[in-house]
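In my numbering, the protein residues as written are 235 to 614.
We put the CB at the ideal spot given by N, CA and C, even for glycine.
What follows is a set of notes on a single structure, which appears directly below.
See below:
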């Protein structure tokens, strides 16, 4: 019932945006937009048979003052809205709405309906909504290079969808809300800065390259069901954790590096740590988990049937080893013995690194030297 209520609320907001605005005009400059334009009425671009609109690198589109821009499409053999400039949707005290809609289904192509390397800024009273039929195929149907989100993004598809909503660089402010519905999110070679609000999606798919995720508040990914490194061509995911956070499922592939920096006193809990598709990738090779400024009591895993072999975490269901590496706050390599220990308070397993104290290490070294000297004498 909760899901139905949320859906009704989003649908009602969408309908209100379409029908309530008192301003109507058709003054949007010809494509490509190369200057700055303030849209305060109700305007539209695209059509069901293939119309397009482009915002050039020097173009700035401001949607505010109750303004509504509707983008209509009926194919994705080529893009309908291409943004290589800047789109500003609403602000702290002025409403703005961008609606992307396909009223009818069609045979999917391979182009992003909305694409480009530009920036989309969504203010507190701004909203970006995708509704109607969304192409369903294993590819990117929405690609936004940079998004600053203080308002809302909603995906309300009329049917199931397999394609991805890709945002390479994303900032989500405290009041920001990103609800992709049943649509997977995707990112590549970018930075996600999450301060608050919420991200709700079935999966975040990280492609090859390097991605950084900064979690600057508590439990910011609890409504993101899976974070998955899908590619086996060499991917690095860096997570900087500044408060207690839970990741439901963290999946990786071969040739993956996962880097974690967890602030002192904070904890990162991964309920299910596995290879891609819940251990469907067998014997994934060259996988490493690297911890910076490491301290015990910061990293926990929900899986109970894993163990440590040769200072590597072993995942029996996928016959996969994860190399464990840790550094101190000054960047020095921590040498010690890893263990996988039960934490009764949290009902979770904890990765623990036991590093010999300097005195104990010196004593052990001295004992070894003495034994070696005595052995030499006995030999003579």
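Within 10 angstroms of the beta-carbon of residue 437 lie 16 or more other beta-carbons, which makes it buried. Distance from the CA atom of residue 269 to the CA atom of residue 352, rounded to whole angstroms, is 14 Å. Judged by DSSP in its simplified three-state form, residue 272 adopts strand.
Rounded to the nearest angstrom, the gap between the Cα atoms of residue 397 and residue 590 is 50 Å. By the neighbour-count criterion, in which 16 or more other beta carbons inside 10 Å mark a residue as buried, residue 454 falls on the buried side. For residue 512, the closest C-alpha among the options 482, 313, 278, 581 is that of 482.
The shortest CA-to-CA distance from residue 525 to any of 538, 337, 497, 549 is the one to 497.
Inter-residue distance for residue 468 and residue 443 is about 7 Å (C-alpha atoms, whole angstroms). Nearest to residue 507 by C-alpha distance, out of 364, 535, 360, 369, is 535. The beta carbon of residue 330 sits closer than 6 Å to those of 297, 298, 301, 323, 324, 360, all from its chain and outside the five residues before and after it, given in chain order. In the same chain as residue 312, and ignoring 5 residues on each side of it, the C-beta atoms closer than 6 Å to its own belong to 345, in chain order.
A residue is called buried when at least 16 other Cβ atoms come within 10 angstroms of its Cβ; residue 564 does not meet this threshold and is exposed. With at least 16 other beta carbons inside 10 angstroms of its own, residue 275 counts as buried. In the displayed model, residue 393 falls within coil according to three-state DSSP, outside both helix and strand.
With fewer than 16 other Cβ atoms from the protein chains shown falling within 10 Å of its own Cβ, residue 578 counts as exposed. Each residue's CA atom was taken as its position, placing residue 326 and residue 410 some 12 Å apart. Residue 539 sits exposed, since fewer than 16 C-beta atoms from the chains shown fall within 10 Å of its C-beta. The straight-line gap separating the alpha-carbon atoms of residue 419 and residue 400 is approximately 6 Å. Taking each of 290, 447, 414 in turn and checking the Cα distance to residue 425, the smallest one comes out for 447. The distance from the Cβ of residue 527 to that of residue 562 is about 7 Å, consistent with a contact at the 8 Å cut-off. Fully contained in the region 376-458 are the following beta strand (DSSP E) runs of length 3 or more, in chain order: 386-391, 398-406, 411-413, 418-421, 425-428, 432-434, 438-440, 443-449. According to the DSSP assignment, residue 472 belongs to the beta strand (DSSP E) that extends over 469-475. Closest by C-alpha distance to residue 445, out of 390, 407, 427, is 427. In this structure, the CA atom of residue 320 is about 15 Å from the CA atom of residue 405. Following the DSSP letters along the chain, one finds residue 511 in no beta strand (DSSP E) but inside the alpha helix (DSSP H) bounded by residues 510-513. As computed with DSSP, residue 535 is found in a beta bridge with 504, 583.
Between residue 337 and the set 355, 314, 310, 306, the nearest pair of CA atoms involves 306.
With a threshold of 16 other beta carbon atoms within 10 Å, residue 509 meets it and is buried. Just so you know, the alpha carbons of residue 582 and residue 434 end up roughly 25 Å apart. A direct Cα-Cα distance of roughly 8 Å separates residue 474 from residue 493.
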